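Working notes, beginning with the structure itself.
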Amino acid sequence: MNRIHIDGPWFKDQHGRTLLLRGVNLGGSSKVPYTPNGATYLATDFFDHKNISFVGRPFPLEEADRHFERLKSWGLDLVRLLVPWEAIEHAGPGQYDEAYLDYLTAVVEKARDHGINLFIDPHQDVWSRFSGGDGAPGWTFDLIGMDITRFKGTGAAIAHQTYGDPFPQMIWSSNYNKLAAATMFSLFFGGNDFAPETQVNGVPIQDYLQAHYINAYKQVAERLKGMDHVLGFDTMNEPSPGFIGDPDIRTSDHQLRMGDVPTPYQTMLLGAGFSQSVAVYNLTLLGVLFRGTRVIPAEGYSVYCEGYQDVWQQNGVWDTDSRGLPHLLRPHHFGFRPDGNPAHFAQDYLRPFVNAFAHGIREIDPEATIFLEADPVLQHEPPMWTDDDIPNIVYVPHWYDGVLLFTKRYLPHVGFNAFISRPVIGKNNLTKSFAKQLGLHQLWAKNYLGNPPVLIGETGIPFDLDDNIGYKTGNFSLHVQAMDRTMRALEANLLHYTLWNYTSDNTNARGDLWNGEDLSIFSQDQQLDPSDINSGGRALEAVVRPYAKATAGEPLRISFDVNRVIFEYAFRHDSRVTEPTEFFIPRYHYPFGYHVDVSDGEYEKDLENQRLIYRHSGKDVPHFVRVRPLNPRHEPDENAFWRNRLMIVGAVVLALMALLSGRKKKDNA
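Numbering (the numbering used here), first residue to last: 48 to 716.
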C-alpha cells in the first residue's frame, strides 16, 4: 500500500487522484481492559489499575481477519484505531506494556493485509476510567495524591463501576466539570500557568504529564514506523480545558448539565470534605431542565491522601480561615494567564501541546500526518495555525445529532444546533441545519488552520433507540432513517468520516461495554448467520453506501438515495491525472447488478471487487455518473411522474364531464 498524502483540502493517492475516505472507529470496548474484563457495569477489581491488560482490544488477534474483511466489504477501509494511554503505560510511569505493543503491531499488520488504512487515536473521555471515562492511567492521580477510591464520596466523579445500574444515560459527560477530570486536564494543559507549585520530583506537573503521554505514543510510533497504511496519529480525543478559561469559578456555565452540577469552586470544596448545596439538572425530551438543589454531605475526609495538599489550595485559589472554614482567594484564577491576558484554551494551551506531540511522533516517523481536534463540548473554534506550527495536519472534529444522542429518541422533526444553542424544528430545516453545522467545521478549517482536509472523526447513532425497539421487534427502520439523515449531511459537504463505532463484542444488553453506550454498527446479537459477512450489521441500508474512492479530479457533488438505491456523483477532471476514477458499488445494495448512466466517456464493472471504473472523456466539463439497481423491486419508473399526472388530469376531466352531464340533465328536466 502507498501512503495517502495531503494536497490542500484533499487527500490524494500516489496517482494524484482525490480520495474520499470512509471508515469507522475501532472499537467502542477498546476503552476498557480485556483482562480482567473492564466493562463499566462490572465493579470487580476496578481499583486495581496496574494489573490489567488491553491485549484483545479491539478483538482477539485470531478474529481480526474476519472483522477487517467485513469492514472492507462494507466500503469502510479507514480505521481510527483506539489506543488509550492506559493500555500502553498502566503499570507505572515509564513502564510500557510490551505484550500489548506486540499485539497492537500484529493487529495493524492484519489491517494492511486487508487493504485498510488507519490512524492512531489516543483515546480518552473525561480523562480516565477512574473519573468516569477512559484514557489516562490510574497513577496520574497518584502523582497529585488523589485517592481514586474517594471520588464517589467526595463528588469528584461519577463512575458506572461505583454507581451501579441503572446508570443514567450520558451522565458520564458531566464529569468534565467535576473535580477529578477538570483538575487533571487543567494540570496537563496549563499546570505551568495555573498550578506552578505542583511538581513531581522537582518537575512541573504539566511537563511531567505531557512528557509521559508523548513518550508512550512514541513507543507505538516505533512499532509502526515504515507501515505506509498508517497515516499518522491523532493528538488526543476530545481534549478538554478543565477549568482553563473559566472566568469565575463561583458560577457554573456549562452545556453538559446533568445530575449534580457543582460550580468549579464547589467541586473543589467537596473534594476537600466540605458539604455543598449544588444545582441538580435532569435530562428530558424537552432538554436539560433545572430540578432544584440538594446538599452533598461531606464524607469527613478529603479526596487527597494523607501527606498531600489540595492542589488548588496549594496554588492559592482558596484557603481556610482560623476556624477551618474555606474562603475563596482567586475567583478569576483560570480566566487569565500570568501575563494578565485572557486565557484561551485552544490557542494558548492546546496548540503548544499539539506541536510538542507532533514533534515527538515525527522524531520516529517524519512523514506522519497529525490529526487535530478541539474541545467538542463547547463547540469552540480550533486554534489559529501559523507558519510556525507543524505542517501536514488534518482537522478531525466530532459531530452528533445531539437530541438523538442524549435522549435516545428518533424525532424526525426535532433537532438542536449546538453552535448557536437553539432547537431546530421541521424535517427540511433539520436537513439544512445538519449540513450547515458540518459545513461550519470546514469553514473553521479554512479560516483557522490553513485549509487542511476535514475528516469527521466521530459521528453515528445510538442503536438502543426508543426503549430498544429494534431489539424487541427486529425492525431497524428508524435507525436507518436516523443514520441516513446524518450520512446525507456528511455527503452534502463532501466530508470524510470515521463512524462511531464498530465493537466486536457488542451485545444488545450491554452495548459497547462502556457507560451504557450502544452505537456499534455491528453486534453479536444481530449475527444470526456467522457465514454471512453482513450478518451482525446494524442499519446497513444507511451505513453501507456507494462512493467515489478515487477521483481523477475534484469532487463536486455526491448523493445516495437509500429508498430508491440511486447513487449520483459529479466531478471536474484534472488533466494531469491519467488514472481512472474508481467507485465503491456495494453488492449489499445491488445484489442483482446495476445500470450505469454517464455523461461521457466509458466505464467498466468489476463486480467481484465491488468496483466501478470510469474513464472520462477529454471534454472540459463536469462529468456525471449515475448508478441505479437492476432489481425490479428498486427499479425507478422513469415515466411514473407524467403517468401519475395524466391520471390526475384524467380524473379531473371525468369529474367535470360528470358534473356537466348532471347539470344538462337537470336543465332538460
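Glycine residues also receive a C-beta, built at the ideal position from the N, C-alpha and C atoms. Bear in mind that the values here come from a model prediction, so they are computed numbers and not experimental data.
For this session: In angstroms with no decimal places, state the Cα-to-Cα distance between A421 and E285.
Result: Straight-line measurement puts the Cα of E285 at about 6 angstroms from the Cα of A421.
Problem set entry | Residue span of the beta strand (DSSP E) that contains Q323, given as start and end | Start and end: 323–331.
Exercise. Counting pairs of Cβ atoms below 8 angstroms between the region 152–161 and the region 213–220, do you hit three or more?
Worked result: Segments in contact, no.
For this session: Could you say which of V335, W491, P131, H488 lies nearest to R469 if we only look at CA atoms?
Result: It is V335.
Problem set entry | Distance CB(D386)-CB(L376) smaller than 9 angstroms | Cβ distance not < 9 angstroms, so D386 and L376 don't count as in contact.
Problem set entry | Check whether N540 and Q571 have beta carbons under 9 angstroms apart | Result no, Cβ atoms of N540 and Q571 do not sit closer than 9 angstroms.
Exercise. What are the complete alpha helix (DSSP H) segments, minimum 4 residues, inside the region 99–179?
Worked result: For the region 99–179, whole alpha helix (DSSP H) runs of length 4 or above, ordered along the chain, are 111–120, 132–136, 145–160.
Problem set entry | Alpha-carbon spacing of N548 relative to L123, whole angstroms | Cα-Cα distance, rounded: 11 angstroms.
For this session: Can you give me the Cβ contacts of S175 inside the same chain, cut-off strictly under 6 angstroms, excluding the 5 residues immediately before and after it?
Result: Excluding positions up to five away in sequence, the list reads G182, A183.
Exercise. Does DSSP put I218 in a helix, a strand or coil?
Worked result: DSSP places I218 in the helix class (H, G or I) of the three-state scheme.
For this session: Thinking P459 and Q528 are a contact (beta carbons under 8 angstroms), I'd like their distance in whole angstroms, please.
Result: Contact between P459 and Q528 is confirmed by a C-beta separation of about 7 angstroms, below the 8 angstroms threshold.
Exercise. What's the call for N388, buried or exposed, on a 16-neighbour Cβ count within 10 Å?
Worked result: Exposed, by the Cβ-count rule.
Problem set entry | For W57 and L500, the rounded distance between their alpha carbons | Checking the sequence, you will find Pro at residue 500 rather than Leu. If you take the alpha carbons of P500 and W57, they lie about 5 angstroms apart.
Problem set entry | Three-pair Cβ contact test at 8 angstroms for the region 576–588 versus the region 650–668 | Output reads no: the region 650–668 does not touch the region 576–588.
Exercise. Which class does V609 belong to by DSSP, given the choice of helix, strand or coil?
Worked result: The DSSP-derived three-state label of V609 is coil.
For this session: Reducing DSSP to helix, strand and coil, say where F392 ends up.
Result: Note: F392 maps to helix in three-state DSSP.
Exercise. Quick one: what's R469 bridged to in DSSP?
Worked result: DSSP lists N464 as partners of R469.
For this session: Report buried or exposed for P429, applying the criterion of at least 16 other Cβ atoms within 10 angstroms of its Cβ.
Result: Residue burial annotation: P429 is buried, with at least 16 other C-beta atoms found within 10 angstroms of its C-beta.
For this session: Put G627 into one of helix, strand or coil per three-state DSSP.
Result: Note that residue 627 corresponds to Pro in the displayed sequence, not to Gly. DSSP places P627 in coil when its eight states are reduced to three.
For this session: Decide if the region 76–83 is in contact with the region 603–622; the criterion is three or more beta carbon pairs, one per stretch, under 8 angstroms apart.
Result: Three or more Cβ pairs closer than 8 angstroms define a contact, and the region 76–83 falls short of that threshold against the region 603–622.
Problem set entry | Cβ-Cβ distance between E564 and G75 below 9 angstroms | Yes, Cβ-Cβ distance for E564 and G75 is below 9 angstroms.
Exercise. Helix, strand or coil: which one does DSSP assign to K596?
Worked result: When secondary structure is reduced to three states using DSSP, K596 falls in the strand class.
Exercise. For L271, which of helix, strand or coil comes out of DSSP?
Worked result: In this structure, DSSP gives L271 a helical state, which the three-state scheme calls helix.
Problem set entry | Unbroken beta strand (DSSP E) run spanning K59, endpoints | It spans 57–59 - the beta strand (DSSP E) in which K59 sits, taken as one unbroken run.
Problem set entry | Strand pairing of G334, partner residues [DSSP] | T331, per the DSSP bridge assignment.
For this session: State the DSSP-derived secondary structure class of E410, mapped to helix, strand or coil.
Result: Of the three classes helix, strand and coil, the one that applies to E410 here is helix, per DSSP.
Exercise. Should Q266 and F235 be called a contact, given that it needs their Cβ atoms to be closer than 9 angstroms?
Worked result: No.
Exercise. Whose C-alpha, out of F404, F463, R456, is nearest the C-alpha of N440?
Worked result: In the sequence as displayed, the identity of residue 440 is Ile instead of Asn. Among F404, F463, R456, the Cα nearest to that of I440 belongs to F404.
Problem set entry | Per-residue burial, F94 [other beta carbons within 10 Å of its own, 16 or more giving buried] | Label assigned to F94: exposed.
Exercise. How many angstroms separate the CA atom of P399 from the CA atom of T282?
Worked result: Cα to Cα, P399 sits roughly 12 angstroms from T282.
For this session: Report yes if the CB atom of L677 is closer than 9 angstroms to the CB atom of Y635, and no otherwise.
Result: Cβ distance not < 9 angstroms, so L677 and Y635 don't count as in contact.
For this session: Determine which residues share a DSSP beta bridge with Y210 and list them.
Result: Beta-bridge partners of Y210 (DSSP): none assigned.
Exercise. Alpha carbon to alpha carbon, what distance is there between G486 and G179?
Worked result: Going from the Cα of G179 to the Cα of G486 covers about 32 angstroms.
Exercise. The beta strand (DSSP E) spanning V308 covers which residue range?
Worked result: Its beta strand (DSSP E) spans residues 306–308.
Exercise. Can you give the beta carbon distance from Q208 to A134, rounded, assuming they're within the 8 angstroms contact cut?
Worked result: That pair is no contact at about 18 angstroms.
Problem set entry | Where L316 sits in the DSSP three-state scheme | The three-state secondary structure of L316, taken from DSSP, is helix.
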